[in-house]
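Each number in the numbering used here corresponds to the 1-based position in the sequence shown with 4 added. Yeah, the Cβ is synthetic: ideal placement off N, Cα and C, and Gly gets one too.
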Amino acid sequence: LVPEAEIAGAMGDAQVGLQARLMSQAMRKLTGVTSQSKTTVVFINQIRSKINTGPWGPSTTTSGGLALKFYASARLEIRRIGGLEEGVGADKSKIGNQTLVKVVKNKLAPPFREAKLDIIYGRGIVRQRELITLGEELGIVKKSGAWYSYGETQLGQGMVKTADFLSEQPEMAGEIEQAIRERAGLVKPARPEANGRSPTEHNAEPATKSKGAKRERAKTAKA
5 LVPEAEIAGA MGDAQVGLQA RLMSQAMRKL TGVTSQSKTT VVFINQIRSK
55 INTGPWGPST TTSGGLALKF YASARLEIRR IGGLEEGVGA DKSKIGNQTL
105 VKVVKNKLAP PFREAKLDII YGRGIVRQRE LITLGEELGI VKKSGAWYSY
155 GETQLGQGMV KTADFLSEQP EMAGEIEQAI RERAGLVKPA RPEANGRSPT
205 EHNAEPATKS KGAKRERAKT AKA
């Protein structure tokens, strides 16, 4: 949001606090509107160097004043920490960035958590790459040299080919994701019954027998 006075003014004019006041007014208006319409508003900001900061505080801050920080339900700080490359030798090319995401504020869940994400140019966050990385960290996906495997199934050579393989095999990708969630304690393991049947099948059998028993009793009564 750009204040009208800043647009109409000259390039060198000092406009102190105009954007902060505009953002404060906008946040007060948007709060009620978004609540009634059940809309999520996403703001993308940039960092600026802090002026007259001491050696102990952060050296950067976000523009727009304090209103946006106060009204936001969640704030994520995303920084590039490395590059992603594909190929070898003369065929090597940059395909994306490795980023670190920090939750600096969260009203909906515990804050101050961190996550590393691979962002591929033209594609964004590739879910299959996350499955491979997390699966390897938790010991679900094994890596030998450049090859990845899951159980007795060889997934592929290299991250790119393995991710492409999982994209073509959604059932296996879902199985790996379920194993990751169970190993991380996010969901309870799906344990089969002692006879190898699921609880649904196990519970369905007595109902069938009960119907059969009713029919036998009905035949006996007619006789």
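From the options, residue whose alpha carbon lies closest to that of residue i
i: Leu-112; options: Ala-78, Thr-137, Gly-100 and Gly-58; result: Ala-78
i: Val-92; options: Tyr-125, Ala-150, Gly-61 and Asp-122; result: Ala-150
i: Leu-142; options: Ala-188, Lys-165, Pro-115 and Ile-123; result: Ala-188
i: Gln-173; options: Arg-131, Ser-148 and Thr-137; result: Arg-131
i: Lys-120; options: Ser-67, Arg-32, Gly-61 and Gly-87; result: Gly-87
i: Ala-76; options: Ala-94, Gly-13 and Phe-47; result: Phe-47
i: Leu-72; options: Gly-126, Ala-30, Ala-94 and Leu-170; result: Ala-30
i: Met-176; options: Val-145, Met-163, Val-164 and Pro-59; result: Val-145
i: Val-164; options: Pro-193, Ser-41, Arg-127 and Ala-194; result: Arg-127
Exposure of residue i, with buried meaning 16 or more beta-carbon neighbours within 10 Å
i: Gly-100; result: buried
i: Asp-17; result: exposed
i: Phe-74; result: exposed
i: Leu-170; result: buried
i: Ile-51; result: exposed
i: Leu-34; result: exposed
i: Arg-133; result: buried
i: Ala-183; result: buried
Residues of its chain near residue i, where Cβ-Cβ distance is below 8 Å and the 5 sequence neighbours each way are ignored
i: Glu-306; result: Outside the displayed span of the chain (5 to 227) sits residue 306, for which this structure offers no information.
i: Val-20; result: none
i: Val-37; result: Thr-43
i: Lys-54; result: Gly-61, Pro-62, Ser-63, Thr-64 and Thr-65
i: Gly-200; result: Model confidence at Gly-200 stands at a pLDDT of 49, short of 50, so the residue's coordinates are unreliable; what they give is reported in the following sentence. Excluding residues within five positions, none has a Cβ falling inside 8 Å.
i: Pro-193; result: Glu-186
For residue i, the residue or residues it bridges with in DSSP
i: Thr-65; result: Arg-52
i: Gln-102; result: Gly-86 and Asp-122
i: Tyr-152; result: Lys-147 and Gly-160
i: Ala-78; result: Asn-110
i: Pro-129; result: It should be pointed out that residue 129 corresponds to Ile in this sequence rather than to Pro. DSSP output for Ile-129 lists Ile-123 as bridge partner(s).
i: Ser-171; result: Answer is none; Ser-171 lacks a bridge partner.
i: Ser-97; result: Glu-90
Distance CB(residue i)-CB(residue j) smaller than 7 Å
i: Glu-81; j: Val-108; result: yes
i: Glu-104; j: Arg-83; result: Before going further, note that residue 104 is Leu rather than Glu in the sequence given. Yes. Within cutoff.
i: Thr-157; j: Ile-136; result: no
i: Tyr-152; j: Ile-180; result: no
Beta-carbon contacts of residue i that lie in its chain and below 7 Å, excluding the five residues immediately before and after
i: Val-191; result: Arg-185
i: Phe-116; result: Val-107
i: Gly-68; result: Gln-23, Ala-24, Met-27 and Asn-49
i: Ile-123; result: Gly-100, Asn-101, Thr-103 and Ile-129
i: Lys-147; result: Glu-140
i: Gly-13; result: Gln-19
i: Glu-10; result: Gln-19 and Leu-22
i: Gln-161; result: Ala-150 and Trp-151
Proximal residues to residue i (C-beta, below 6 Å), its chain only, five neighbours per side dropped
i: Glu-209; result: At Glu-209 the pLDDT is 42, less than 50, meaning the model places this residue with poor confidence and gives no usable figure here.
i: Asn-110; result: Ala-78
i: Val-6; result: none
i: Ile-85; result: Gln-102 and Leu-104
i: Glu-118; result: Lys-106
Proximity test, residue i beta-carbon vs the ligand ZN heavy atom, cut-off 6 Å
i: Arg-185; result: The ligand ZN is absent from the structure shown, which contains no ligands of any kind.
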